[in-house]
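Have a look at the structure below, then the notes.
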Amino acid sequence: MRKVFLTMILAVFSAAASFSMSEYRTHLMSVNDGIGVITDSPSIVQGSSGVVLRSFGNGLKSIIARAVVDSKHTSTANVHFEVYSALKQSSLPVPNFTPQAGDEVVLNYLYDRSLIIAPNAEVYNQVVEAFPNITFVHPDLVGAMLSMDYKPNPSQDDFRRACALNAAGLIFIALEGESMFVDCGSFSILKSFKSGQIAQYHLPFYTRVRDINTVFWKLDSEHINNYDKYYRFLLNTDENTGKIESAK
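Residue numbers -17 to -1, 1 to 231, in mature numbering (1 follows the signal peptide of the UniProt record, and there is no 0), belong to the letters of the sequence shown in order.
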């Protein structure tokens, strides 16, 4: 099982030259009705995200928004804008700037750092070995956060918060038969890989943090029973999963 799972990931990754996880920098060509137009690149895919930088002169720049790729065309791509909350500071006001033509866009932002959701230690080690150019945030950090929040059933927002706390732009999710890199913000699947069978599962994912418990006053907090089905539900890839109860 070990060699099959790892070999299949490596084989697909070696052929995945159509998508680079390196930063791609360009400038907004135009902005109309909240949609920006940029020069397209093979380095970006639909659903990938980044930040918009505004230059204030004297070498000073600041992030003013988050950018998400909506569509790709022959030579251009469209992006929409969202509030960039990863640097939120309660003691400071949120900058109120609207992206405009000429602002710099940095896509695949923080894509060199990734959370990792694996079913067991063996698969975790295989994935880390398979992608040496990615710095994986140890799942114990995410497990500790969930334990403090009494959330053994992590939601998309839980993972977004974990990404922000650990300066990560990606999440790698290892499932039986298929694994994928997912954008932390949009939760869009950026690249998927064939993978092998999984022998055993550690719920909610592999972590050495024990006792991620629930509390009675958190009605949205309960243990999951089906690892693959639950994460496919979060990714909206299981058409038969109509509601979260069926994914537990």
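Yeah, the Cβ is synthetic: ideal placement off N, Cα and C, and Gly gets one too.
Three-state secondary structure (DSSP) at residue i?
i: residue 192; result: coil
i: residue 153; result: strand
i: residue 33; result: strand
i: residue 51; result: strand
i: residue 182; result: coil
i: residue 217; result: helix
Which residue wins for smallest C-alpha separation from residue i, given the options the options?
i: residue 29; options: 178, 189, 55; result: 55
i: residue 95; options: 111, 63, 118, 83; result: 118
i: residue 116; options: 57, 39, 153; result: 153
i: residue 192; options: 109, 6, 124; result: 124
i: residue 213; options: 190, 44, 156; result: 156
i: residue 103; options: 6, 199, 189; result: 189
i: residue 44; options: 21, 6, 88; result: 88
Within the same chain, show all residues whose beta-carbon is closer than 7 Å to that of residue i, passing over the 5 residues directly before and after it, in chain order.
i: residue 31; result: 52, 90, 91, 166, 173
i: residue 262; result: There is simply no residue 262 to check, as the chain begins at -17 and stops at 231 in what is shown.
i: residue 5; result: 26, 91
Going along the chain, which residues of its own chain have a beta-carbon closer than 8 Å to the beta-carbon of residue i, five neighbours each way excluded?
i: residue 17; result: 63, 64
i: residue 135; result: 129, 186, 187, 195, 196, 197, 204, 205, 206, 207
i: residue 98; result: 119, 120, 122, 125, 142, 145, 146, 149, 151, 153, 154, 155, 167
i: residue 163; result: 155, 156, 172, 173, 174, 175, 176, 218
Which residues bound the beta strand (DSSP E) around residue i?
i: residue 116; result: Unbroken run through residue 116: none, as it is neither H nor E.
Considering just the uninterrupted stretch of the alpha helix (DSSP H) at residue i, what are its terminal residues?
i: residue 130; result: 122 to 132
i: residue 202; result: From DSSP, residue 202 is part of no alpha helix (DSSP H); its letter is neither H nor E.
i: residue 145; result: 139 to 148
Within the same chain, show all residues whose beta-carbon is closer than 6 Å to that of residue i, passing over the 5 residues directly before and after it, in chain order.
i: residue 211; result: 158, 159
i: residue 66; result: none
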